[in-house]
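Chains as they are written, first to last, in our numbering: chain A, 25 to 293; chain B, 66 to 416; chain C, 64 to 387.
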Amino acid sequence: MQPLLRVENLVKHYAAGRSAGSRDKHVALDGVSLSIAPQSTLALIGESGSGKSTLALCIACLEHPTSGSIWFEGIDVAALHENQQRKFRPRIQLVFQDPARSLNPRWTALEIASEPLVVRQDTSKQERENKALELLDCVAIPRRLASQRADELSGGQKQRLAIARALALEPKLIILDEALSALDCSVQAQISNLLLELQSSFGLTYLFITHDFAMAAHLADQIAVMDRGRIVESGPAENILRSPSHEVTRALLAATLPITETPGVGLEL
Amino acid sequence: MKQRRKLMIWLVILGALHGIIAAAGFFAPYDPVEQDRERPYLPPMHIHIVDAQGHFHLRPFFYPLRLREGSFDQYEEDTNTTVPLRFFERGAAYRLLGFVPSRLHFFGVAGARVYLLGSDAYGRDELSRILYGGQISLLAGLLGAGVTLFLGALIGMAAGYYGGWQDELLMRIAELFLALPWLYLLFALRAFLPLAVSPLEAFLLVVVVIGMVGWARPARLVRGVVLSVKERDFVRAARGFGASDFYLLRRHILPETASVLLTQAAILVPQFVLAEMTLSFLGLGVPEPMSSWGNLLATLQQYNVLVSYWWMYLPALAIVPFFLGYLSLASALQERAGAYKIEEKGNWNPS
Amino acid sequence: MRYLLRRLLHAVFLLLGVSLLTFLFSALAPGNYFDEMRLNPQISPETVAALRAQYQLDRPLPVRYAHWLNALAHGQMGFSFAYNSPVAPLLWARARNTLLLTVTATLLAWLLALPLGVWSAARLGRAPDRVISWTTATLLVIPDLVLALGLLIIAVRTGWFPTGGLTSVGFDDMSPLHKLRDLAWHMTLPVTALVLAALPTLVRHVRASVAEVLEAPFLRAALGHGLPHSKLLYGYALRAAANPLISLFGFSVGTLLSGSLLVEVIMSWPGLGPFLLEAILARDLYVVIGGVLLSMIFLVAGNLFADVLLYWADPRIRTAASAK
């Protein structure tokens, strides 16, 4: 089956010097390649600074890669012009880590959920409101909270709202960039279950970025491990978890899961 | 919350002050251009409640002024007639706010002219001239601040949002404008434009010139806000569902600049009113017969006025409560915004 | 060292920009000054021709700018129509008078502001500080126009001070001591106006900077070492708070020519201000350009001076600059 997303040799440099025209550069992505099958979940694991967020931004067409290609539904979106890219962006949505920053605190839940439709400009106010309320239902936010300001909602509710907003334009791929990391444990569990439900209801594909193997274990079909701008290991989830081969993978595993590990054998799930 | 209350108090005070000036027709007893050549340079009249015979009057009254025997510019009170002060009198016709016709005045007298703050060389009532003059001066200040903030916001947003060489260029130009002494720049601009123009043209000229001088600081501040907001995740998210630059600027970034713009407004308006006063005082601003606080003070440049007619100085004091109100408002706004930046505190001192 | 060179380059760039702006304003001004000049019987046709040649008025804008800059570099600032003489000497004479006033006022203001601000900061919140804060707040609310006019009226009504001019009649016949006294007497009013106008902002800045520094742990440590209070305040606290104050001082230096315009006009002090105003009203173009340019040069120089001072005074800037 044709993968929904295929990234080939993606490279991204940032200029690092203080003065204009400086030669220093910071290499965020150093030739990243991966692919995701439709309606599956790929967990991208790595430490902070490994380039995960940069990759997310590039795939979502919010940053231009220095070189490489991003094949989405058969089209290289990295090579498109700004105007054409803008048409593609709704199909790949991003859910950020901190909902306090990814939602405009002064706006109400309803306004936030309907913003994508406002931007698309082809629906009436009534249609938008109905759709927004439906979205709130999908993510289990009670309707009475619809007119609350975003900064009055709890952390879990905020993140649900962010997910609702991401669903508004019926995307194919949703990138969750550490989306659960800022939440309490119990809330994390609720929302990851919600994500699984939404995936089966809407046929979504997830790129789930995290530094936490336990979460990845719960959600992922495939796992890729990233270190300093490169993918160091990838494959089906059980394989990686049971017998990690790269040292970075092993280090990350050791750091996140409880110590019921038999050395050399990996983890019992 | 105490900050909010302080803010409210100053807003109310300023509102009341502006209201009095806006309703100048109501509060002023006379038309500001109405002359009385028989009574030039009358000193301010005193309000009495006890008359020369020692009787107490319930209603305050005035004594009309007449020329002292043998003098041609010394006045004394004529204690034979009392002229009672009446409130809500009918007097000269005027248009409230420019279009509501009315004849009702806050106070007035029948039978004589009362000069609460004295009269000028043509016998025009100073109080009325100060009230009406305030309309011109305040309007110039408000409009000028509006022009500056509009320019500053536009340039600041363009520089901050698009970055790159546009940003560099705009900020270098801003630095240039900041480096110029504003009064000199004002003069230079005014000098290179035609001098003898109609009062309306002069007024507009003053507004435009004032407005063009001050855009650099608000532009820098707005740019700072835009730079920080544009990297916020909710802006990224909006871009993620295909929002255009214009949408982002309008719906997300502009509202964040509101607080900075409001504080700048509170700082700039009084300075621009002062700028108009300075220009008009020096003869480069609003000309006669239009009255502004500035050109009312211009007579003080004549030595005899300076020596003998001290009440011609009173228009200068009119701006003080406004300065107090606006500066306190700016202070309250800055406190509310949290950052006490020395940079902004009255740094645009016109000297 | 490279840092200083960069700042110098920056200043030069600023000056060029300022000169370009001024030139553009004058070039785009409506009305042909040279036609007016030709009609003026007081100015000889030779002068007009010479000026025309010098400023190349028939050529396009960039050429005119180049010639204008060239003339400027030779110290020539054009020709005054009203005075029928070159502009530069006129400006210098007036500028000297202005500087007499402003240098005195600036020194006085700083000499007063430093101790007042430090004292205020040392007794933050208590009675002396409250009195000073209240006074500065009141002064801030009174704009310099109002202040200067008010002082003038007081002078006139009391007769204690002269109401204008640099010197009294018969100045040249006075003894040096008398001359000095006469000058000082004439200067009192304008200097007072300038000092009162500048003092509140200065005091506030000094107070704020020093107050911030007084909170620092290193100062409490020094206190613990038993240093006497005055040495602590002036030797340590003020030194640490110096940076923003040095920039402010640079700004003060920068406004030496332009800051006193209004006061000079009101108090009839024969400085640059009234001269410039007169030139504007008389449409004396080159005087206006020259005056504006001169004051802007001072401003840029003042900022550069502040940069140099900061560099010299604060070792952190030197190390940060060399680290780049």
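Glycine residues also receive a C-beta, built at the ideal position from the N, C-alpha and C atoms.
Nearest-angstrom beta carbon gap, residue j and residue i [assumed within contact, 8 Å]
{"i": "C:A274", "j": "C:A184", "result": "4 Å"}
{"i": "B:F346", "j": "B:N360", "result": "7 Å"}
{"i": "C:L301", "j": "C:L357", "result": "Actually they do not touch by this definition, with Cβ atoms about 33 Å apart."}
{"i": "B:L182", "j": "B:L192", "result": "4 Å"}
{"i": "C:P263", "j": "C:L203", "result": "5 Å"}
{"i": "C:F338", "j": "C:G354", "result": "7 Å"}
{"i": "A:L58", "j": "A:K36", "result": "Contact doesn't hold; Cβ gap of about 14 Å is too wide."}
{"i": "B:P56", "j": "B:A157", "result": "The question about residue 56 of chain B has no answer, for chain B in this structure spans 66 to 416."}
{"i": "C:L367", "j": "C:L71", "result": "7 Å"}
{"i": "B:T144", "j": "B:A117", "result": "4 Å"}
{"i": "B:M377", "j": "B:V370", "result": "6 Å"}
Any non-hydrogen atom of the ligand GTP within 6 Å of residue i CB
{"i": "C:V209", "result": "The model depicted lacks the ligand GTP and carries no ligand whatsoever."}
Member of the options whose CA lies at the smallest distance from the CA of residue i
{"i": "A:D236", "options": "A:I199, A:E71, A:V35, A:S64", "result": "A:E71"}
{"i": "A:V163", "options": "A:S93, A:S205, A:E135, A:L220", "result": "A:L220"}
{"i": "B:A381", "options": "B:V165, B:L150, B:G198, B:I74", "result": "B:G198"}
{"i": "C:L277", "options": "C:M250, C:M330, C:A305", "result": "C:A305"}
{"i": "B:G276", "options": "B:P335, B:Y95, B:L292", "result": "B:P335"}
{"i": "B:A340", "options": "B:S373, B:V287, B:L248, B:E321", "result": "B:L248"}
{"i": "B:Y180", "options": "B:R282, B:Y226, B:Y140, B:L162", "result": "B:Y140"}
{"i": "B:Y106", "options": "B:A383, B:R401, B:S373", "result": "B:S373"}
{"i": "C:E327", "options": "C:G228, C:R244, C:L68", "result": "C:G228"}
{"i": "C:P307", "options": "C:D377, C:S148, C:W332", "result": "C:D377"}
{"i": "B:Y128", "options": "B:P149, B:S136, B:H120", "result": "B:P149"}
{"i": "C:T199", "options": "C:T221, C:I217, C:L175", "result": "C:L175"}
{"i": "C:L135", "options": "C:F86, C:F144, C:L177, C:L164", "result": "C:F86"}
Contacts of residue i in chain B (Cβ-Cβ under 9 Å)
{"i": "C:A372", "result": "A quick correction: the sequence has Leu, not Ala, at residue 372 of chain C. Residues of chain B passing the Cβ test: none, with the nearest at roughly 18 Å."}
Buried versus exposed, by CB contacts within 10 Å (16 or more), residue i
{"i": "B:A218", "result": "buried"}
{"i": "A:E194", "result": "exposed"}
{"i": "A:I283", "result": "Low local confidence applies: a pLDDT of 48 at A:I283 is under 50, so the model's placement there is unreliable, with the coordinate-based value given in what follows. The residue is exposed, with fewer than 16 neighbouring Cβ atoms inside 10 Å."}
{"i": "B:P415", "result": "Because B:P415 sits at a pLDDT of 27, beneath the cut-off of 50, its placement in the model cannot be relied upon, and the point is left open."}
{"i": "C:M140", "result": "buried"}
{"i": "A:L181", "result": "Checking the sequence shown, residue 181 of chain A turns out to be Gln, not Leu. Under this definition A:Q181 is a buried residue."}
{"i": "A:H50", "result": "exposed"}
{"i": "A:S77", "result": "buried"}
{"i": "A:L66", "result": "buried"}
{"i": "B:F252", "result": "buried"}
{"i": "C:S82", "result": "buried"}
{"i": "B:W230", "result": "exposed"}
{"i": "C:N160", "result": "buried"}
{"i": "A:C82", "result": "buried"}
{"i": "B:V122", "result": "For the record, residue 122 of chain B in the displayed sequence is His; it is not Val. Label assigned to B:H122: exposed."}
{"i": "A:K149", "result": "exposed"}
{"i": "B:S356", "result": "buried"}
{"i": "A:I116", "result": "buried"}
{"i": "C:Y349", "result": "buried"}
Contacts that residue i makes with chain C (C-beta to C-beta distance below 8 Å)
{"i": "B:P320", "result": "Under the 8 Å cutoff, chain C gives no residues; its nearest Cβ is about 31 Å from B:P320."}
Listed by chain order, chain C residues near residue i by CB distance under 7 Å
{"i": "B:L169", "result": "The contacting residues do not exist; B:L169 stays about 32 Å from chain C at best."}
{"i": "B:L93", "result": "Note on residue identity: the sequence assigns Ala, not Leu, to residue 93 of chain B. Per Cβ cutoff of 7 Å: no residues; B:A93 is ~22 Å from chain C at best."}
Interface flag, residue i vs chain D, CB-CB below 7 Å
{"i": "C:S321", "result": "Judged by its chain identifiers, the structure shown contains no chain D, and its protein chains are A, B and C."}
Residue i: contacting residues in chain A (beta-carbon distance under 8 Å)
{"i": "B:F311", "result": "Per Cβ cutoff of 8 Å: no residues; B:F311 is ~11 Å from chain A at best."}
{"i": "B:R315", "result": "By Cβ distance, chain A contributes nothing, its closest Cβ being about 12 Å from B:R315, past 8 Å."}
Chain C residues whose Cβ lies nearer than 9 Å to that of residue i
{"i": "B:L79", "result": "Within 9 Å Cβ-Cβ: nothing; B:L79 doesn't reach chain C, min ~13 Å."}
Amino acids of chain B, ordered along the chain, whose beta-carbon sits closer than 7 Å to that of residue i
{"i": "C:P206", "result": "L339, I384, F388"}
{"i": "A:P27", "result": "Going along chain B, no residue has its Cβ under 7 Å from A:P27, so there is no contact; the nearest lies around 22 Å."}
Under 8 Å from the C-beta of residue i: neighbouring residues of chain B
{"i": "A:R113", "result": "R304, G305, F306, G307"}
{"i": "C:M359", "result": "A244, L245, P246, Y249"}
{"i": "A:V163", "result": "Under the 8 Å cutoff, chain B gives no residues; its nearest Cβ is about 16 Å from A:V163."}
{"i": "C:N366", "result": "A244"}
Chain A contact residues for residue i, given Cβ-Cβ distances below 9 Å
{"i": "B:R297", "result": "R125, S126, N128"}
{"i": "B:R301", "result": "L81, A84, L86, L118, F120, S126"}
(request) Jot down the residue ranges of each uninterrupted beta strand (DSSP E) in the segment 44 to 127 of chain A, minimum 3 residues, whole runs only, in chain order. (result) 49 to 60, 65 to 70, 91 to 96, 116 to 119
(request) Write down every uninterrupted run of the alpha helix (DSSP H) in the segment 172 to 259 of chain B whose length is 4 residues or greater and which is fully enclosed by it, in chain order. (result) 191 to 227, 229 to 244, 247 to 256
(message) Threshold first: 3 residues or longer. Then list the beta strand (DSSP E) segments lying entirely within the segment 173 to 259 of chain A, N to C.
(response) 197 to 201, 229 to 234, 246 to 251
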